[in-house]
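*Asks:* Mind having a look at this structure? Questions to follow.
Residue numbers (full-length UniProt numbering): 1 to 185.
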């Protein structure tokens with residue numbers, strides 16, 4: 001016996017079409033362009049389908065985050081070298097359009113849409129999680145780990161989001177070296 005009514009979610013090709021267009025709109029026009037009407041105009045997918053599954057720009061960003069491929073990492077066992085590698089990777093990601101555009105859209109949306117606040121926090125947590133992984137693997141936890149991550153990562157996010165300048169890789173490397181002098185994490 002088959003169920004009568006609408007399927008639980010959009011078809012795979014519809015998801016691909018809408019989210020591909022959403023990413024293009026995000027990169028070219030910013031997060032404000034992620035409205036159901038604008039997505040309909042860009043894709044030809046019915047407005048009712050878009051409204052049903054992605055009613056707000058925050059819903060669209062959440063869906064894009066869900067389908068984003070994870071970044072592959074390999075730890076070397078040298079925590080300081082691994083932290084330096086994470087600094088370089090984060091600086092590259094903040095320079096590249098998708099990550100920076102996502103962060104900017106999430107910050108902007110969180111100012112007017114309370115539903116975007118936990119999504120913004122989750123996205124930032126995902127960006128800093130590799131730093132915590134490196135520190136935890138070396139036994140650094142608690143406030144020391146929190147302080148180290150904040151000292152290394154926060155200035156990079158301020159550069160990218162508030163000051164609209166490239167994240168200072170050199171400053172972040174100095175912060176790693178200040179927290180973990182002589183190669184000791």
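Cβ coordinates follow ideal geometry from the N, Cα and C atoms, glycine included.
Enumerate in chain order the residues of its own chain whose CB-to-CB distance from residue 169 is below 7 Å, with the five nearest sequence positions on each side excluded.
*Replies:* So the qualifying residues of the chain are 87, 88 and 91.
*Asks:* Between which residues of its own chain and residue 82 is the CB-CB distance below 6 Å, once the five residues before and five after are set aside?
*Replies:* If we look at residue 82 and ignore the five residues flanking it on each side, its Cβ neighbours are 75, 76 and 134.
*Asks:* Enumerate in chain order the residues of its own chain whose CB-to-CB distance from residue 163 is below 7 Å, with the five nearest sequence positions on each side excluded.
*Replies:* Excluding sequence neighbours, residue 163 sits near nothing in its chain.
*Asks:* Which complete alpha helix (DSSP H) runs does the region 133 to 172 hold, if anything under 4 residues is left out?
*Replies:* Fully enclosed alpha helix (DSSP H) runs of 4 or longer: 142 to 161.
*Asks:* Could you tell me the distance, in whole angstroms, from the CA atom of residue 176 to the CA atom of residue 33?
*Replies:* Distance between the alpha carbons of residue 176 and residue 33 is about 38 Å.
*Asks:* Label residue 13 either buried or exposed according to how many other C-beta atoms from any shown protein chain fall within 10 Å of its C-beta, with 16 as the threshold for buried.
*Replies:* Result: exposed.
*Asks:* Specify whether the region 14 to 26 and the region 41 to 53 touch according to this definition: at least 3 beta carbon pairs, one from each stretch, less than 8 Å apart.
*Replies:* Because the criterion of three Cβ pairs below 8 Å is met, the region 14 to 26 and the region 41 to 53 touch.
*Asks:* Any idea what DSSP makes of residue 70, helix, strand or coil?
*Replies:* Residue state, collapsed to three classes: coil.
*Asks:* Given this structure, state the Cα-to-Cα distance separating residue 94 from residue 101, to the nearest angstrom.
*Replies:* Rounded to whole angstroms, residue 94 to residue 101 spans 9 Å at the Cα level.
*Asks:* Whole-angstrom Cβ separation of residue 105 and residue 157, contact assumed at under 8 Å?
*Replies:* So it is not a contact: roughly 14 Å between Cβ atoms.
*Asks:* Would residue 128 be called buried (16 or more neighbouring beta carbons within 10 Å of its own) or exposed?
*Replies:* Burial call: buried.
*Asks:* Would you tell me roughly how many angstroms separate the C-alpha atoms of residue 35 and residue 79, rounded to the nearest one?
*Replies:* Whole-angstrom Cα-Cα distance: 43 Å.
*Asks:* So, helix, strand or coil for residue 55, using DSSP?
*Replies:* Three-state DSSP puts residue 55 in coil, outside helix and strand.
*Asks:* In the DSSP assignment, the alpha helix (DSSP H) including residue 180 goes from what residue to what residue?
*Replies:* Looking at the DSSP string, residue 180 is not in any alpha helix (DSSP H), and its letter there is neither H nor E.
*Asks:* Here's a check: name, in chain order, each residue in its chain whose Cβ is nearer than 7 Å to the Cβ of residue 159, leaving out the five neighbours to either side.
*Replies:* Contacts found: 165, 166, 167 and 168.
*Asks:* On the three-state DSSP scale, how would you describe residue 76?
*Replies:* It is coil, neither helix nor strand.
*Asks:* Would residue 31 pass as a contact of residue 69 if the rule is Cβ separation under 7 Å?
*Replies:* No, they are not a contact pair.
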